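A short worksheet on the structure shown next.
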Amino acid sequence: LQLNDGPPNQNEAFYLNNLETILYKMDAAGNYLNSAGQIIDNSDIGNRVILERYTPGMWLDLNKTFFQNKILNASSDKLLNNNAFKEYFRGLYFQVEGISDQTCMAMLDFSKAKINIRYKADASTGSTSRVRKSIVLNLTGTTVNFLENSFALPTESGEDRLYLKGGQGAFSYIDLFNKTELEDLRAKVATNKWLINEANLTFYVDKPTMQNVTYEPQRIYLYDMKNNKVLADYNYDGTTNSYYPKMSKLVIGGLVERETSGDKKAIKYKLRLTQYVNNLIKKDSSNVRVGLVVTEDINNVKSAYFKNPFVMSDPMSPAGASYNVKFLPVASVINPLGTVLHGTNSADVDKRLKLEIYYTKPKE
41 LQLNDGPPNQ NEAFYLNNLE TILYKMDAAG NYLNSAGQII DNSDIGNRVI LERYTPGMWL
101 DLNKTFFQNK ILNASSDKLL NNNAFKEYFR GLYFQVEGIS DQTCMAMLDF SKAKINIRYK
161 ADASTGSTSR VRKSIVLNLT GTTVNFLENS FALPTESGED RLYLKGGQGA FSYIDLFNKT
221 ELEDLRAKVA TNKWLINEAN LTFYVDKPTM QNVTYEPQRI YLYDMKNNKV LADYNYDGTT
281 NSYYPKMSKL VIGGLVERET SGDKKAIKYK LRLTQYVNNL IKKDSSNVRV GLVVTEDINN
341 VKSAYFKNPF VMSDPMSPAG ASYNVKFLPV ASVINPLGTV LHGTNSADVD KRLKLEIYYT
401 KPKE
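If you number the sequence shown the way my numbering does, the last residue is 404 and the count never jumps.
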């Protein structure tokens, strides 16, 4: 049963924009009304009565008969409590059809979705008068998708290139130090009394590979892959952006740097991990393998569960040690974009991935 069987302009002629949705007061026939309840011309926008305003989104008229039978006429045991109702009504299934000669991409926040059922009921038992009522079903945002990609990438890209792809795509991992390198760095910092000012990784985009790609990720993100949590720098970064929240956490970076002319292709991404490196050196924190992914929203640090978890060797622990990788950042799963970056062994020496550490040393 197709639930969104409303007017054609909600389906066949549906399009996306960044404009708010405004609901106006109307009569049963769909005519606009003024504040006195009088029918006005469709072109008389100034005298329309605004009932509600919504942020940009998808607003659909759903099948009335379905919800009449499924909700309003449901047996009392199905509506007894919240658990019984959730078992009875599992949610909605959204299916998108492709257009052969066009492409479209949108991100829907289902955690803010709701079903608004408006109906009329008797004012009281035995009464012949009817009153308007409404039921609002708030959706949880819990989603399952069945996306499948048909591309193939090496399971391990080695040190030449790093492959990142959102959705059911690809991520990379990085070992910043081996045991000997970390012990050597700790000794040098302690002996020379260095003060670490900044540590960062700069990832250069493989431009020849990406030259025909129209859309490139806006941001990439590093996380503790072993323990499935953010790195220390994420928690220390208190920068926010109320106008555009996805631009928050500016100190840790990860935002794309683009060309200033032409197609404005991506050049590089820079990620700071100063506090993480400081903790490794000063506080003897665990040296973990870090994961690198594209991210749709830097504020979303929730995790998605791998359908097929895999075992990852742990070079930071005694020989033969390993752990199960069960999770991936949700913000990577919901981002459909991907990129290819230069690794530590790229043939282009100037664009090789390097860990840069800036420090201050005491006056002699």
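Cβ coordinates follow ideal geometry from the N, Cα and C atoms, glycine included.
Just so you know, these numbers come straight off a predicted model, no measurement behind them.
Task: For LYS310, the residue or residues it bridges with in DSSP - done: Counting from one through the sequence shown, the residue named residue 310 turns up at place 270. Answer is THR242, bridged to LYS310.
TODO: Could you name the residues of the same chain whose beta carbon sits closer than 6 angstroms to that of SER197, not counting the 5 residues immediately before and after it, in chain order?
DONE: Mapped onto the sequence shown, residue 197 falls at position 157. With a pLDDT of 47 at SER197, under the threshold of 50, the modelled position of that residue is not reliable, and no figure is offered here.
TODO: Ignore the nearest five residues each way along the sequence and tell me which others in LEU222's own chain have a CB closer than 6 angstroms to its CB.
DONE: Position 182 of the sequence shown, counted from the first residue, corresponds to residue 222. The answer, listed in chain order, is ASN327.
Task: Boundaries (first-last residue) of the beta strand (DSSP E) holding PHE264 - done: Indexing the sequence shown from 1 puts residue 264 at position 224. Per the sequence shown, the amino acid found at residue 264 is Asp instead of Phe. Taken as a continuous stretch (DSSP letters only), the beta strand (DSSP E) holding ASP264 covers 260–264.
Task: Alpha-carbon to alpha-carbon, LEU102 and ASN59 - done: Working through the sequence shown from its first residue, we reach residue 59 at position 19. Working through the sequence shown from its first residue, we reach residue 102 at position 62. The question names Asn, yet the displayed sequence has Leu at residue 59. LEU59 and LEU102: Cα-Cα distance of roughly 22 angstroms.
Task: Sequence-distant residues of its chain with Cβ nearer than 6 angstroms to LEU311 (five each side left out) - done: On the sequence shown, residue 311 is found 271 positions in, with the first residue counted as 1. Once the five neighbours on either side are set aside, the close Cβ partners of LEU311 are LEU241, LEU262, GLY293 and GLY294.
Open item on the list: Can you tell me whether GLN42 is buried or exposed? The criterion is at least 16 other CB atoms within 10 Å of its CB, across all chains shown.
Closed with: On the sequence shown, position 2 is the one that residue 42 refers to. Its Cβ having fewer than 16 others within 10 Å, GLN42 is exposed.
TODO: Please go through the same chain and pick out, in chain order, the residues whose beta-carbon is closer than 8 angstroms to the beta-carbon of ALA359, but skip the five residues on each side of it.
DONE: Translated into the one-based positions of the sequence shown, residue 359 becomes position 319. None.
Open item on the list: Using a Cβ distance threshold of 8 angstroms, determine whether the stretch 323–339 contacts the stretch 203–218, with at least three qualifying pairs required.
Closed with: yes
Task: Between the CA atoms of PHE367 and SER353 - distance to the nearest angstrom - done: Along the sequence shown, one-based indexing puts residue 353 at 313. Along the sequence shown, one-based indexing puts residue 367 at 327. Taking the straight line joining both Cα atoms gives about 16 angstroms.
Open item on the list: If you reduce the DSSP assignment to three classes, tell me which class ASN109 lands in.
Closed with: Numbered from its first residue, the sequence shown carries residue 109 at position 69. Helix at ASN109.
Open item on the list: Quick check: what's the CA-CA separation for THR61 versus ARG226?
Closed with: One-based indexing of the sequence shown puts residue 61 at position 21. One-based indexing of the sequence shown puts residue 226 at position 186. Those two C-alpha atoms are separated by around 57 angstroms.
Task: ALA306 vs MET250 beta-carbon contact at 8 angstroms - done: Taking the sequence shown and counting its residues from 1, the one referred to as residue 306 is at position 266. Taking the sequence shown and counting its residues from 1, the one referred to as residue 250 is at position 210. Going by C-beta atoms, ALA306 is nearer than 8 angstroms to MET250.
Open item on the list: Residues in the same chain with beta-carbon distance under 7 angstroms from ALA153, minus the five sequence neighbours each way, listed in chain order, please.
Closed with: For the purposes of this step, residue 153 is taken as residue 113 along the sequence shown, with counting starting at 1. If we look at ALA153 and ignore the five residues flanking it on each side, its Cβ neighbours are LEU179.
Task: With 16 other Cβ atoms within 10 Å as the buried cut-off, status of LYS266 - done: Walking along the sequence shown from the start, residue 266 turns up at place 226. When all chains shown are included, LYS266 counts as buried.
TODO: Measure the Cβ-Cβ separation of ARG201 and ASP246 and say whether it is below 8 angstroms.
DONE: Counting from 1 along the sequence shown, the entry for residue 201 is found at position 161. Counting from 1 along the sequence shown, the entry for residue 246 is found at position 206. Yes, they are a contact pair.
TODO: Mind reading off the beta-carbon distance from ASP273 to TYR316? Whole number of angstroms is fine, and I expect it under 8 angstroms.
DONE: Counting from one through the sequence shown, the residue named residue 273 turns up at place 233. Counting from one through the sequence shown, the residue named residue 316 turns up at place 276. That belief holds up - the Cβ atoms of ASP273 and TYR316 are roughly 6 angstroms apart, short of 8 angstroms.
Open item on the list: Within a Cβ cutoff of 7 angstroms, which residues of the same chain sit near THR195, ignoring the five residues on either side of it in sequence?
Closed with: Walking along the sequence shown from the start, residue 195 turns up at place 155. In this prediction, THR195 has a pLDDT of 49, which is less than 50 and means its spatial position is unreliable; nothing more can be read from the coordinates.
Task: Bridge-paired residues (DSSP) for ASP162 - done: The residue given as residue 162 occupies position 122 in the sequence shown. For ASP162, which the question treats as bridged, DSSP gives the partners ARG170.
Open item on the list: Considering just the uninterrupted stretch of the alpha helix (DSSP H) at LYS228, what are its terminal residues?
Closed with: Taking the sequence shown and counting its residues from 1, one reaches residue 228 at position 188. Here the alpha helix (DSSP H) through LYS228 covers 219–232.
Open item on the list: Just verifying my parser: in three-state terms, what is the DSSP assignment at GLY86?
Closed with: If you number the sequence shown from 1, residue 86 lands on position 46. Helix.
- [ ] Name the residue from LEU290, ILE236 and VAL270 whose alpha carbon lies nearest to the alpha carbon of ARG259.
- [x] Position 219 of the sequence shown holds residue 259. For ARG259, the nearest C-alpha among the options comes from LEU290.
Task: DSSP state of PHE346 mapped onto helix, strand, coil - done: Position 306 of the sequence shown holds residue 346. PHE346 falls in the strand class under three-state DSSP.
- [ ] Check PHE367 in the structure and name its three-state DSSP category.
- [x] By 1-based counting over the sequence shown, the position of residue 367 is 327. Of the three classes helix, strand and coil, the one that applies to PHE367 here is strand, per DSSP.
Task: TYR398 - containing beta strand (DSSP E), residue span - done: The sequence position of residue 398 within the sequence shown is 358, counting from 1. Segment 395–400, the beta strand (DSSP E) holding TYR398.
Task: Nearest-angstrom Cβ-Cβ length linking LEU112 and GLU92, presumed shorter than 8 angstroms - done: Looking up residue 112 in the sequence shown gives position 72. Looking up residue 92 in the sequence shown gives position 52. About 22 angstroms separates the two Cβ atoms, so there is no contact after all.
- [ ] Measure the alpha-carbon distance for ASN385 versus LYS394 and round it to whole angstroms.
- [x] Taking the first residue of the sequence shown as position 1, residue 385 is located at position 345. Taking the first residue of the sequence shown as position 1, residue 394 is located at position 354. If you take the alpha carbons of ASN385 and LYS394, they lie about 10 angstroms apart.
- [ ] Identify, in the order they occur along the chain, each residue of the same chain with its Cβ nearer than 8 angstroms to the Cβ of TYR399, setting aside the five sequence neighbours on each side.
- [x] Taking the first residue of the sequence shown as position 1, residue 399 is located at position 359. Taken in chain order, the residues that qualify are VAL229, TRP234, LEU235, ILE236 and ASN237.
TODO: Could you tell me whether the Cβ atoms of PRO376 and VAL365 are closer together than 8 angstroms?
DONE: Along the sequence shown, one-based indexing puts residue 376 at 336. Along the sequence shown, one-based indexing puts residue 365 at 325. In this structure, VAL365 does not lie closer than 8 angstroms to PRO376 by Cβ.
- [ ] May I have the straight-line CA-CA distance separating GLU336 from LYS286, to the nearest angstrom?
- [x] Working through the sequence shown from its first residue, we reach residue 336 at position 296. Working through the sequence shown from its first residue, we reach residue 286 at position 246. Roughly 8 angstroms between the two C-alpha positions.
TODO: Could you tell me which of ASN268, ARG130 and SER164 sits nearest to TYR345, measuring between CA atoms?
DONE: Locating residue 345 in the sequence shown gives position 305, where the first residue counts as 1. Residue ASN268 is the option with its Cα nearest to TYR345.
Task: N-terminal and C-terminal residue of the beta strand (DSSP E) that THR300 is part of - done: In the sequence shown, the residue the question calls residue 300 occupies position 260. Note, THR300: premise wrong, no beta strand (DSSP E); not H, not E.
TODO: Enumerate in chain order the residues of its own chain whose CB-to-CB distance from VAL373 is below 6 angstroms, with the five nearest sequence positions on each side excluded.
DONE: Residue mapping note: residue 373 aligns to position 333 of the sequence shown, counting from 1. Within the same chain, VAL373 has close Cβ partners ALA344.
- [ ] Consult DSSP for VAL328 and reduce its assignment to one of helix, strand or coil.
- [x] Mapped onto the sequence shown, residue 328 falls at position 288. The answer is coil: DSSP assigns VAL328 none of H, G, I, E or B.
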